[in-house]
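Quick look at the structure:
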């Protein structure tokens, strides 16, 4: 995935696209936009950093998982198997990007109980396990882009095959000098940013 | 597997097209319905409006649909005592009882004096249903207080006059230099937010320079090439200074455009009026050594400058007066007014003027057109005491460089279309096409009469609506000589206590009206004053015809003509009804069917044979289908809309999109008609003995200080300014738990923005609890110490700070800005009725 920081306007359509596609519980954000302020008035501004799981090629979360709940598909997508996850959260400690979430308690958006939508969406999840962005692999397997990609109002998100040097994502990374978050850790994220 | 088991396992799995209503932009959506449950909303594939893209709000619609706090039954109050914080002690009643009560009251009022009914609301998808009902009933009181205290009052009259439409945008596909004045177009706000977001991003990537002028360092300001923090309410001074630099220092202006397409060459006499031909009364221009009517067939090169004598009267072209007038706005002087450095003012003026490439041409689809890739846009930043003059000043910058409805400039929302176009009005100036008028046009001015409506609309002959004046009219009806006392307030999906000015004052106003009925999805703040609340359907449970009006919410610029209808994708819960359907039932119950049907035929411009029979009863869907056939042709029907959501009727023509050089009517640079309209207002108000300021009815715009400007007595040393977030719409979305969660995690959304210098001066730290206080009221919030705000300003986002127990997700979140707003007449623009939104405040820990 390539995220274009020049295009991103911090509108959080991606954050909610992820909720709408995956039905994640309260306080769980597989996709979100981090924001911070830079500069001094009047040259100050806010900068926006959209984040998802980086699907690192050398994923530290996978290494530390004692049960094999975290695994990597052939296409590089790092997925979580809730049946195998014992909720030890070693992966959350290992992840340098803070994009993993532990679902400790069954909570709903309206305190009194689940909406029909949450009832439907929560069937996939298990309390006491760790969850994370899976690049909407069910969509990807159908030939569709992840939900956060298709919805982005400014088309700031690109999805494709990094191994194919002719793909749009590969070309963007070369043409616009794409970088990874915390490259120095050598986890080799599959998410690149361009400016 | 036996048959009954196979039946239970059989799953419904469908995608149904509809139209979003989490804001008013009308994005095309499709809802994924599995076994009767909506499990996903996304943009409808390949539609010409928003493609598959959709914002946070639109995708969060599911959580509003399944909000357990939605009302499920009509309610009536049992506690006769009304007031903020007083429990109405609701009891559930049947729809029959509710409508019997309502219809009985309506009938009584209609027999006595229909004006005693006030119809209120702000439901864009059914904006036609409210005036239709009010019109058929016979009341002129259609009051849109749901948002229009700030919603475009000082924008729509100006765009009607200059772009021939309800709204306008920069032509992002070609624009190279865009100035945004107190607006975040392209950053998920405005009339076409998802489309504009992509166009803006594409333009920025292409190299368009973006300058954002705003007291707040918004999302838009953060992505701009240049953020110019400005003192609130001084935008007009800045723009007039830019115009001054262009006209008087740099000599950059589009003389050809001004001569051909505007009234700039019209001759003006010593009293400020047009000099007219004695016989035809047509305004004159000076051409080839003599005065000629503006539409003379032998015009060669009318003068923009000079002084001439016509029939013994000294006459000068409007342009010359305009140019002299703006000399009063030197960058040096304006710098002290706006706090923007002199050199910045000069530099931006030059950049803008040069970017306009005056004289250049472009070929589009084989047609050669002027190419003026520079535009300045504005919207709610003109919510000020002198907002109309601010809007006129801003559009004058586009006009002098010829960047109005030509490629690259500021273009109207579809002023010309397959079956409509602007008309030539009095004195050759433009009148928008009838079907684009969601409100009455600004030109020509309406005749001023004694007050008929609670908002004194009759005293505002060019305003689109006049909502804020309801307050003083209701509280002092003697003073304004209103010839009746309102008895029933019928509200549709709006919440005036949140969305107008100070709620305590608004409550006082509403308490003057004996009976208040609210159609709403939840028990709102306003409902503490209501007598009955009737539960309304979510937008995914109802039908609405043509929610995308071409003048307001249909993509401007090149592309295709498309038409939309919103349909229900799931059934409403029992007890919940779509309010337009209820209105239809009331109409027929009251025996108003024939008047209503005639009103539909007239206001929707239905064309034979596709009209309503006055003697028949129709469902809302039937009316929608007849409307579709009348608008688009007999071959269209509702089923097509239900299957496709959006229907494309053909490509747009170049002459529709860039209509300025193709249409006959001219646009004004000099507002002679305003001067005359003001005199009409003065005459009538003087006769009635009602004090009324008419000094803003002037032919050339000025900057005038808001009441807040340099009035810091009483320790009110700062201004409060409201700004928009990309993931909330008014107070309408605040009960949505996903959007609330976003705001809770957001560093600014629910906070009070305080500049670091102010914080230091007052000993306020990030996260401190603070009070913000104005002469109108006081709010409590949490301070966010920031560099992204003007040092004289505290910033408050959204319409937050709900207190109704019926909306528990929203309750107590964020800060209610409107509480701070004084709303007495000296804070309201007497031309556009915009309420001044930069109150003086003080901030302190508490």
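Protein chains in written order, with the numbering used here: chain A, 366 to 560; chain B, 3 to 848. All residues carry an ideal CB built from backbone N, CA and C; glycine is no exception. Computed from a prediction, not measured in an experiment: that's the story for all the values here.
DSSP state of residue i mapped onto helix, strand, coil
i: residue 696/B; result: coil
i: residue 667/B; result: coil
i: residue 765/B; result: coil
i: residue 188/B; result: coil
i: residue 592/B; result: coil
i: residue 513/A; result: helix
i: residue 844/B; result: strand
i: residue 265/B; result: coil
i: residue 747/B; result: helix
i: residue 373/A; result: coil
i: residue 770/B; result: coil
i: residue 562/B; result: strand
i: residue 818/B; result: coil
i: residue 543/A; result: coil
i: residue 647/B; result: coil
i: residue 552/A; result: coil
i: residue 108/B; result: helix
i: residue 856/B; result: Because chain B is modelled from 3 through 848, residue 856/B falls outside the range shown and cannot be assessed.
Cβ of residue i within 9 angstroms of any chain B Cβ
i: residue 386/A; result: yes
i: residue 402/A; result: yes
i: residue 486/A; result: yes
i: residue 539/A; result: no
i: residue 536/A; result: no
i: residue 423/A; result: no
i: residue 542/A; result: no
i: residue 377/A; result: yes
i: residue 438/A; result: no
Rounded Cβ spacing between residue i and residue j (contact assumed at less than 8 angstroms)
i: residue 474/B; j: residue 826/B; result: 7 angstroms
i: residue 444/A; j: residue 502/A; result: 6 angstroms
i: residue 426/A; j: residue 459/A; result: 5 angstroms
i: residue 559/B; j: residue 173/B; result: 6 angstroms
i: residue 669/B; j: residue 164/B; result: 5 angstroms
i: residue 820/B; j: residue 502/B; result: 6 angstroms
i: residue 331/B; j: residue 243/B; result: 4 angstroms
i: residue 540/A; j: residue 532/A; result: In fact, because the Cβ distance is near 12 angstroms, the residues do not count as touching under 8 angstroms.
i: residue 318/B; j: residue 270/B; result: 6 angstroms
i: residue 466/A; j: residue 393/A; result: 4 angstroms
is_contact[residue i, chain A] using C-beta, thresh 9 angstroms
i: residue 10/B; result: Any reading at residue 10/B must be qualified, since the residue scores a pLDDT of 48, below 50, and its modelled position is unreliable; no value is offered.
i: residue 203/B; result: yes
i: residue 797/B; result: no
i: residue 44/B; result: yes
i: residue 102/B; result: no
i: residue 543/B; result: no
i: residue 69/B; result: yes
i: residue 39/B; result: yes
i: residue 6/B; result: Note on residue 6/B: pLDDT 41, under 50, position unreliable in the model; the coordinate value appears next. Taking Cβ atoms only, chain A never reaches closer than 9 angstroms to residue 6/B, which makes this a no.
i: residue 491/B; result: no
i: residue 18/B; result: no
Task: 4-residue-minimum alpha helix (DSSP H) runs that sit fully inside the stretch 119-171 of chain B, ordered along the chain - done: 131-139, 158-165
- [ ] Return the chain-ordered ranges of every beta strand (DSSP E) run that is complete within the stretch 5-75 of chain B and spans a minimum of 3 residues.
- [x] 15-21, 30-36, 39-45
Task: Sequence ranges, beta strand (DSSP E) only - wholly within the stretch 344-414 of chain B, length at least 3 - done: 363-366, 369-372, 376-380, 412-414
Open item on the list: What are the residues in the stretch 258-271 of chain B lying within 7 angstroms of chain A by C-beta distance?
Closed with: none
Task: Where the stretch 548-565 of chain B meets chain A: residues whose CB sits under 8 angstroms from a CB there - done: none
Open item on the list: Beta carbons nearer than 9 angstroms to chain A: which residues of the stretch 751-762 of chain B have them?
Closed with: 757, 758, 759
Open item on the list: By the 9 angstroms beta-carbon criterion, what residues does the stretch 781-794 of chain B contribute toward chain A?
Closed with: 788, 789, 790, 791, 792, 793
TODO: Pick out the complete beta strand (DSSP E) segments inside the stretch 274-338 of chain B, 3 residues or longer, and give them in chain order.
DONE: 286-289, 292-295, 310-312, 315-319
TODO: Output, in sequence order along the chain, the residues in the stretch 217-230 of chain B whose CB is closer than 9 angstroms to any CB in chain A.
DONE: 219, 220, 221, 222, 223, 224, 225, 226, 229, 230
Open item on the list: For a minimum of 3 consecutive residues, which ranges assigned as the beta strand (DSSP E) are wholly contained in the stretch 612-645 of chain B?
Closed with: none
- [ ] Note down, one range per segment and in chain order, each beta strand (DSSP E) of at least 3 residues found wholly within the stretch 449-525 of chain A.
- [x] 465-468, 494-497
Open item on the list: Any C-beta of chain B within less than 8 angstroms: which residues of the stretch 504-525 of chain A qualify?
Closed with: 512, 515, 516, 517, 518, 519, 520, 521
TODO: Please name the residues in the stretch 669-695 of chain B whose beta-carbon is closer than 7 angstroms to at least one beta-carbon of chain A, in chain order.
DONE: none
Open item on the list: Give me the subset of the stretch 712-737 of chain B whose CB atoms are less than 8 angstroms from a CB atom of chain A, sorted by chain position.
Closed with: 728, 729
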